[in-house]
Every structure is written in structure tokens, then in C-alpha cells.
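**Student:** My structure is below; once you've seen it, I'll send some questions.
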Amino acid sequence: MGSSKRGYKSICVPFASEAEYQQCLADDERFRGHLQLALALHPELFPAGMGAGFKFHGFVRSKKRPGFKLRRIRLKDENQSAYQIRPSFMLPYLMGTVAEVEKALYLLKWEVPFGALTYVFGRNDMFWYRAYLALGRNSLVGTTVKDAAQLPAHLVADEKHTWLSGQKVYVASTAAQGCILGASLTASAGTPDLTRAYGEFQAEAQQLNPTYEPVTVNTDGWTATQQAWKSLFPKIVIIWCFLHAWLKIRDRCQTIKALYGTVKEKVWHVYQAQTVSQFSQRIRRLREWTMGHVPVALVQKSLLKLCSKAPAFKLAYAYPGAYRTSNALDRLMNYQDRVLYGMQYFHGSHQSAWLYLRSMALIWNFHPYGKRTRSQNPDRHSPFKDLNGFCYVENWLENLLIAASMAGHHG
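My numbering numbers the first residue of the sequence shown as 58 and each following residue consecutively.
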């Protein structure tokens, strides 16, 4: 699966307003100057051959918006490929303008049904459904990460089950730095299917940087997940999730109130160790305390199992930026859970469900932070800005459309 090749031929260029765009459209030299300035500021939005020069190559007219035209250009490099220039205030396929749809699409982050959007904003349910799914055709990595140097060295990955037409399926998600960088649907949680699912992240990341190989990935103890990542990136270091180890212990002793609080305190005291030697020392003390003070066999077994995994947990200390727990992804998967529950899971084809997941991911990556977050730190705008350090424009949807120039396929 992947974006339509047709989408690679559409360059989204920032324009301050439709009036500015129309003025450029009426004056070739002004249009050329605008493109050259955009190329100088944001070369990642353009094909690699743009630096060799270009010539104007006619117009594209659409029946959807009578009288509205898109400019076409042809590059002067050896391939002489043709591209259309789409202004940033306009959606792909001229479905509408940012001003017409951005508030409605924003509400989809809060699991608002398409019928409610129709009631409030007009049009029809299928229009909103198609506008939403269209976002998922873009590369998640290429749209979200605008500089190969920003590709994360440390990842966190996990799967959750959901439902497609009544059948259990799995969502394999990859995240880093507050962004969802991989979201794929697979029929099983076995190694071959998970390898294909996480392989989508690999393909998109290596389209941005062919030599990209992450340093670590944090996973739970599911063997198939770890084997999938090792198959895709042989040098990657698997960091076991400490949180998942604790959850198994919690489930064993939660009903034993006299024991639960003490066990919780001692387990997280181990996690909070600042150095490998301190961690080793605390693990030894936890093992000794378990053998002498935990009378419940199941709880004792779970605690000793955690202690036996100490060598795997110690690996994180050699990689200071590595994720030691899956919290960074769990928060994002909670968002996925809310949306999927609100829509009563998937009912269409595998392809439409796949696109829906990817659209969910991009809306998360570009959604604007709320007033409380921004009042505490005015420089924070969205997960996209946190990762890249900048935004193209203030409006979240227009920012997404610009970042998705050429469907997010750089150069």
C-alpha cells in the first residue's frame, strides 16, 4: 500500500491569500519569483530537479471549482517531469478550501461522526469521509519529518487489537517525539504480518534517508514484535518496556491491598535508578526482599521474573535517549482507542481502514495544542512543530497540506 503516484506530482506552495495567488497567476514573472522564493526557503517541498530550473507548462482546470486554475510547470532537468502547483489554501483535487473544512476536520480528532459534521457544516457525510481519508494517502514519515536529520534515533512500538467488519485485526503503531510515524493494519500479530506492518515505517523513513537505521526501539515482551524489528533493522537494540513488566505484577497483587502499595513502591524505586550499578543494586535488593517477604506465590513469581530480565532493562542506560517505557506511545494509542470506539470500529474495506488509521495519525501530528498548553509555553504549537522546530503557517490544516507537498515524498 502507499500513496498514489499521481499525488507525487502535486506541489503545495504557501500563499498568504487567494488574492495573492490570483495576482501571481496573472503574472508569470511574479509567479516565478514566488516559486523561487519558496524553493529557497523550503526546498523539501519541491522535487530534487527543481534547482535545474523550470518552465511554465499550461494550466489545470477543474469542474469542481469553475474558473479556478492551477499552474503547471515542467522541470529542465534530464527527466523533464511535469508538476502542478497547488496553493496551500486549497485541498487536493480542489475538494474545498482550508477555510471551508478545517474546523470540521479538526473535530474528527474528537471522534465526532460524519453525520454530525453534515448537520453543522452542510455538504454530506460522504464528502467529509472522503476529505478525511484523502489525508491518509500521504507518507506519514515524509509529511511529519521535514529534515532527514530529524529522523528519530529512538522509537517506541506496540500493537493493539481492533475490529474490521467483525473480525479481529491489529494496529501496529510506531512513535517518537510525540508523533505517530507508523500506523498499519494487519490480520495477525505473528512475525511475518508484523514485519510487513512495521515495514511501512521503514520504507517511508528510508525514502527520506536510504541509510536510516534507528538505534533503539522500546517494545513489550511480545517475541513477534521484537523479531519483526530485528528483521527490518538488524542492528537495532531492543529495549524492553519496564511498564509492561510492572503491569503483570500489578495484576497479580492489586487485590491484596496490604501488599500492593509496598510492591509498587519497591518496583518503581528500581526503575528510578540513575545508573547501571544503582539499578543492579536495587534489583538485587528487590529479589532478596521478594524471597523473604512475599508470601503469595503468583506475586513472587512475577517479581522474580522482572528481576531475571534485569540484563535487558540495563541496556537502556547505554542509550540515554532510549524510551524505557511505552508511555510515549500509550498516550497516542489512547487517542486511537477513543476514536475507534466512537466510530464502533471499522466497517469497510481493509484499504479504507488503513487510510483511516493514517489520517488519524496525521491529524494527531498536526493538531494545534490547546489554550492551556500554549499559555504555559507560547512557542509550542503542535507535535509537528515540537519535532521539526518550525511551522510553515499558523493554521494546522494548511500547515499539514504544505508539509504533504508531493504526498510527503521529499525530492
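The C-beta atom is built at its ideal place from N, Cα and C for all residues, glycine as well.
If you draw a straight line from the C-alpha of T219 to the C-alpha of E86, how long is it?
**Tutor:** 53 Å
**Student:** Taking the runs of the alpha helix (DSSP H) that are 4 residues or longer, which of them lie wholly in the segment 383 to 439?
**Tutor:** As summarised for the segment 383 to 439, the continuous alpha helix (DSSP H) elements at least 4 residues long and confined to that stretch are 384 to 399, 407 to 423 and 428 to 433, given in chain order.
**Student:** Can you find the residues in the same chain that come closer than 7 Å, C-beta to C-beta, to A205, ignoring five residues on each side of it along the sequence?
**Tutor:** L265 and N266
**Student:** Let me know the beta strand (DSSP E) ranges lying completely inside the segment 161 to 200, each 3 residues or longer, listed in chain order.
**Tutor:** none
**Student:** Measuring CA to CA, which of D387, T280, I293 and S365 is closest to P209?
**Tutor:** I293
**Student:** Threshold first: 4 residues or longer. Then list the alpha helix (DSSP H) segments lying entirely within the segment 248 to 331, N to C.
**Tutor:** 248 to 265, 280 to 289, 299 to 310 and 314 to 328, all fully within the segment 248 to 331.
**Student:** Using DSSP with H/G/I as helix, E/B as strand and the rest coil, what is Y140?
**Tutor:** In this structure, DSSP gives Y140 an extended state, which the three-state scheme calls strand.
**Student:** Please classify L102: is it buried, with 16 or more other beta-carbons within 10 angstroms of its beta-carbon, or exposed?
**Tutor:** buried
**Student:** Give the single residue among G235, A76, F299 and F403 whose Cα lies nearest to the Cα of F125.
**Tutor:** A76
**Student:** When you compare the CB positions of A214 and Y150, do they come within less than 8 Å of one another, or not?
**Tutor:** no
**Student:** For Q259, which residues in the same chain have their Cβ closer than 6 Å to its Cβ, ignoring the five residues on either side in sequence?
**Tutor:** L289
**Student:** Counting Cβ pairs closer than 8 Å, one from the segment 371 to 391 and one from the segment 316 to 327, do we hit at least three?
**Tutor:** no
**Student:** Please report the straight-line C-alpha distance between I237 and D436, rounded to a whole angstrom.
**Tutor:** 21 Å
**Student:** Cβ of T248 within 8 Å of Cβ of A229?
**Tutor:** no
**Student:** With 8 Å set as the bound, which would you pick, yes or no: does the beta-carbon of Y65 sit closer than that to a beta-carbon of chain D?
**Tutor:** Within the model displayed, chain D is absent; a lone protein chain is all it includes.
**Student:** Measure the alpha-carbon distance for V272 versus A285 and round it to whole angstroms.
**Tutor:** About 15 Å.
**Student:** In chain order, what residues of the same chain have a beta carbon less than 8 Å from the beta carbon of S74, not counting five sequence neighbours either side?
**Tutor:** Excluding its 5 nearest sequence neighbours in each direction, S74 has C-beta neighbours in its own chain below 8 Å: F146, listed in chain order.
**Student:** Would you check if the distance between the CB atom of V155 and the CB atom of E455 is smaller than 8 Å?
**Tutor:** yes
**Student:** Could you have a look at F111 and say whether DSSP puts it in helix, strand or coil?
**Tutor:** strand
**Student:** Roughly how many angstroms separate the alpha carbons of R187 and T276, rounded to a whole number?
**Tutor:** 34 Å
**Student:** By how many angstroms is the C-alpha of F72 removed from the C-alpha of Y78?
**Tutor:** 6 Å
**Student:** Using a Cβ distance threshold of 8 Å, determine whether the segment 402 to 422 contacts the segment 324 to 338, with at least three qualifying pairs required.
**Tutor:** Segment contact: the segment 402 to 422 against the segment 324 to 338, fewer than three CB-CB distances shorter than 8 Å; contact not assigned.
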